[in-house]
Amino acid sequence: MLQVSVREAKADLSKIIRLVESKREDEVRIARNGQPVVKIVLIQPTPASKRIGIAEGKFFVPDDLDAGSEEIAASLTGGVLF
């Protein structure tokens with residue numbers, strides 16, 4: 020873990036980000052008056068397999084989902100869209 024002052028962070032932000040991206044530092048803390056106030060860490064991407072299908076089984080699409088769409092289109096546009 021590396022700790023830098025706000026002044027150093029302002030001057031070397033790109034360098035600090037590269038240190039974290041390259042995993043040479045697991046986190047960098049930025050301190051004001053010697054007290055850490057924030058930390059910079061690498062964001063771990065969520066694998067697609069954990070996101071895709073996450074809502075499976077939580078809702079269903081009714082067979083008549085588009086029932087009345089012609090009436091809705093007519094009321095919004097003054098006529099049928101198709």
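In our numbering, the protein residues as written are 20 to 101. Where a beta carbon is used, it is the ideal one built from N, C-alpha and C, also for glycine.
Applying the criterion that 16 or more other CB atoms from any shown protein chain within 10 Å of the CB defines a buried residue, is Val-57 buried or exposed? exposed
Cβ shell of Ala-50 (< 8 Å), same chain only, five flanking positions each side left out: Gln-22, Val-23, Ser-24, Val-25, Val-56
According to DSSP, is Ile-73 part of a helix, a strand, or is it coil? coil
Between the Cα of Pro-64 and the Cα atoms of Glu-75, Glu-89, Glu-40, which residue gives the shortest distance? Glu-40
Can you tell me where the beta strand (DSSP E) with Lys-29 in it begins and where it stops? Not the beta strand (DSSP E): Lys-29 falls in the alpha helix (DSSP H), residues 25-30.
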